[in-house]
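**Q** Per the working numbering: the sequence shown = residues 61 to 383.
C-beta: ideal position from N, C-alpha, C; glycine also.
Following this message is one structure expressed as C-alpha cells.
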Amino acid sequence: MRRRDFIAALGGAAAFPLVARAQQAMPVIGFLRSSSRADATYLVTALRLGLKEAGFVDGQNVTIEVRSADNDLERIRAMAIDLIRRPVTVFVGNLAPALAAKSASGTVPIVFVMGSDPVRDGLVPNLNHPGGNVTGVTFLAGTLGAKRLELLRQFVPKADMIAMLVNPNASNTEEERRNVLAAAQTLGQKLAVFDVSSPGDLEPAFAEAVRRQAGALLVGAGSFMVSNRERVVALAAQHALPANYAWREATEAGGLMSYGPSITAAYHQSGVYAGRILKGEKVGDLPVMQSSKFEFVLNLKTAKTLGLEFHPQLLGLADEVIE
61 MRRRDFIAAL GGAAAFPLVA RAQQAMPVIG FLRSSSRADA TYLVTALRLG LKEAGFVDGQ
121 NVTIEVRSAD NDLERIRAMA IDLIRRPVTV FVGNLAPALA AKSASGTVPI VFVMGSDPVR
181 DGLVPNLNHP GGNVTGVTFL AGTLGAKRLE LLRQFVPKAD MIAMLVNPNA SNTEEERRNV
241 LAAAQTLGQK LAVFDVSSPG DLEPAFAEAV RRQAGALLVG AGSFMVSNRE RVVALAAQHA
301 LPANYAWREA TEAGGLMSYG PSITAAYHQS GVYAGRILKG EKVGDLPVMQ SSKFEFVLNL
361 KTAKTLGLEF HPQLLGLADE VIE
C-alpha cells in the first residue's frame, strides 16, 4: 500500500469514531403515550410541528423515539425507565408516563401533556414557576363536563335520563364526576354514571344504559376514552344514543358532537417547549401552559342518521360543522 493511501485509510478510520460520536450527539426526544401507538400517530405529528417551529426537524437535527403502552401501567413504568436510561435529551408524555419518568429521574427534562391538574397530581409544585425538571401543557378537560352536559341537554331536552361514561382510574375523573353530578342536580336532570376502565366494560355499560332507558350519552375525558373513541362511537350509533364527547377526534370518527380542548394544539406546544429546552432554556423556568383553544364540533351526518336536527342557535355556536 502506498504511503498516502495508508494515511488516507488511517484518516478514514480515525474519522469514523468522530462520525459515530456526532451521530450519537443528535438530541433524542423520548415520546411515550399510555394508549396505543395507532392512537399516538397524529399526536407525534403535532409534536414534530412544534419542534419544527423551534428549529428542529425529526431525522435531521433531532430524533424522536416513539413508544406506546396500550394502557398497561406496568409497561408504562418499564418504558419510561428505559427511555430515561437511554438516555433521552427530553422526555414527552401524558400523565402516567410523566409521573413514571419523574420517579426515574430528577434531571432529565420532562414535558407533560395532560388533562388534569399537574399540581394536584404531584408533577410540579407551581404552575407559573414549576422549578425542577418538569413542565408541560395542561388542558383541564375534566372541568368542562358540566358545560358538555348543558350542550347535550340543548340538543335532547326531552331526555329523562342521561348516561355518562367515566374511567375511574383517570386522574381527573372524580372532579369531572362531581362537576357533572352537581350540574345535573341543578338542572333537575337524571344521570346514571357508568365506570369503564377496559374495552370489555363498554358493551355492558351501554346495555345497562339502554335498559335504564337513557335518552343520551355524555362521554368523559381522559386518554382511555380517546383511544377507544371508535368503539364508543360505534356503540352509541348501534344503540341510537345522541352523545357528547370531550374531544373533536370522536366527532371526526362519527360521534354526534364534542366540546373540549384541542389535544393536537397541546402536543404542538409540547414540541415548542421541547425545542426551547434543546436550545438551552431551563425546564423549571418554563411555566406550565394552560390550553386556551377549545372546540365545539357538530356532525350533521350523524344527526341525520339519528333522525335529529341541530337547533340553529346550536349550529351558530359551533366552531366546525362536519357534513
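For my contact list, residue 216 and residue 302 are in at a C-beta cut-off of 8 angstroms; report their separation, rounded to the angstrom.
**A** Rounded, the Cβ-Cβ distance is 5 angstroms, consistent with contact.
**Q** What residues are listed by DSSP as bridge partners for residue 304?
**A** For residue 304, which the question treats as bridged, DSSP gives the partners 278, 317.
**Q** Classify residue 379: buried if its beta carbon has 16 or more other beta carbons within 10 angstroms, exposed otherwise.
**A** Its Cβ having fewer than 16 others within 10 Å, residue 379 is exposed.
**Q** Which class does residue 128 belong to by DSSP, given the choice of helix, strand or coil?
**A** Three-state result, residue 128: strand.
**Q** Identify which residue in 131, 103, 187 has its Cα closest to the Cα of residue 350.
**A** Checked all of 131, 103, 187; the closest Cα to residue 350 is 187.
**Q** Expressed to the nearest angstrom, what Euclidean distance is found between the alpha-carbon atoms of residue 372 and residue 204?
**A** Going from the Cα of residue 372 to the Cα of residue 204 covers about 23 angstroms.
**Q** Along the chain, where does the alpha helix (DSSP H) that runs through residue 213 open and close?
**A** Looking at the DSSP string, the run of the alpha helix (DSSP H) that includes residue 213 is 205-215.
**Q** Mind reading off the beta-carbon distance from residue 306 to residue 213? Whole number of angstroms is fine, and I expect it under 8 angstroms.
**A** So it is not a contact: roughly 16 angstroms between Cβ atoms.
**Q** In this structure, what does DSSP give as the bridge partners for residue 226?
**A** According to DSSP, which records beta bridges pairwise, residue 226 is partnered with 255.
**Q** Judging by CA-CA distance, which residue of 115, 231, 226 is the nearest neighbour of residue 180?
**A** Ranking the options by Cα distance to residue 180, first place goes to 231.
**Q** Tell me residue 195's beta-bridge partners as DSSP assigns them.
**A** DSSP, once it has assigned bridges, lists 171 as partnering residue 195.
**Q** Just the Cα atoms here: how many angstroms apart are residue 299 and residue 210?
**A** Each residue's alpha carbon lies about 22 angstroms from the other.
**Q** Which partner residues of residue 91 appear in the DSSP bridge assignment?
**A** Bridge partners of residue 91: 126, 152.
**Q** Name the DSSP bridge partner or partners of residue 221?
**A** For residue 221, which the question treats as bridged, DSSP gives the partners 250.
**Q** Taking residue 304 and residue 317 to be in contact with their CB atoms under 8 angstroms, please state how far apart those CB atoms are, rounded to whole angstroms.
**A** That pair is a contact at about 5 angstroms.
**Q** Please confirm whether residue 126 and residue 97 have their CB atoms less than 8 angstroms apart.
**A** Yes, Cβ-Cβ distance for residue 126 and residue 97 is below 8 angstroms.
**Q** Under 8 angstroms, with one C-beta from each stretch per pair, do the region 236-244 and the region 260-271 reach the 3-pair mark?
**A** At 8 angstroms Cβ cutoff, the stretches do not touch.
**Q** If residue 136 and residue 157 are in contact, beta carbons under 8 angstroms, what's the gap, nearest whole angstrom?
**A** Indeed they touch by this definition, with Cβ atoms about 6 angstroms apart.
**Q** Does residue 184 come out as helix, strand or coil in the three-state DSSP assignment?
**A** Three-state DSSP puts residue 184 in coil, outside helix and strand.
**Q** Specify the secondary structure class of residue 329 as computed by DSSP and reduced to three states.
**A** Here residue 329 sits in helix by DSSP.
**Q** Taking the alpha-carbon positions, what's the residue 119 to residue 363 distance?
**A** Approximately 43 angstroms, taken between the alpha carbons.
**Q** What number of angstroms, rounded off, separates the C-alpha of residue 309 from the C-alpha of residue 325?
**A** Roughly 13 angstroms between the two C-alpha positions.
**Q** Under 8 angstroms, do residue 331 and residue 106 count as touching if we go by C-beta distance?
**A** Yes.
**Q** Is the separation between the beta-carbon of residue 174 and that of residue 198 shorter than 8 angstroms?
**A** Against a cut-off of 8 angstroms, the Cβ pair of residue 198 and residue 174 comes out as a contact.
**Q** Applying the criterion that 16 or more other CB atoms from any shown protein chain within 10 Å of the CB defines a buried residue, is residue 264 buried or exposed?
**A** The residue is exposed, with fewer than 16 neighbouring Cβ atoms inside 10 Å.
**Q** Let me know the secondary structure DSSP gives residue 378 once reduced to three states.
**A** Looking at residue 378 - three-state DSSP - the assignment turns out to be coil, as it is neither helix nor strand.
**Q** If residue 338 sits next to residue 150, beta carbons under 8 angstroms apart, how far is it from one beta carbon to the other, in whole angstroms?
**A** That pair is a contact at about 7 angstroms.
**Q** Classify residue 118 as helix, strand or coil using the three-state DSSP reduction.
**A** In this structure, residue 118 counts as strand in the three-state DSSP scheme.
**Q** For residue 327, count the other beta carbons within 10 Å of its own beta carbon; 16 or more makes it buried, fewer makes it exposed. Which is it?
**A** Counting Cβ neighbours within 10 Å, residue 327 comes out buried, since at least 16 surround it.
**Q** To the nearest angstrom, how far is it from the Cα of residue 322 to the Cα of residue 355?
**A** Distance between the alpha carbons of residue 322 and residue 355: 7 angstroms.
**Q** What residue does the alpha helix (DSSP H) around residue 370 start on, and which one ends it?
**A** It is not in any alpha helix (DSSP H) - residue 370 carries neither H nor E in the DSSP assignment.
**Q** Report the three-state DSSP secondary structure of residue 273 (helix, strand or coil).
**A** Note: residue 273 maps to coil in three-state DSSP.
**Q** So the beta strand (DSSP E) residue 358 belongs to, where does it begin and stop?
**A** Here the beta strand (DSSP E) through residue 358 covers 354-359.
**Q** Apart from the five residues on each side of it in sequence, which residues of its chain come closer than 8 angstroms, Cβ to Cβ, to residue 257?
**A** Answer for residue 257: 227, 228, 229, 284, listed in chain order.
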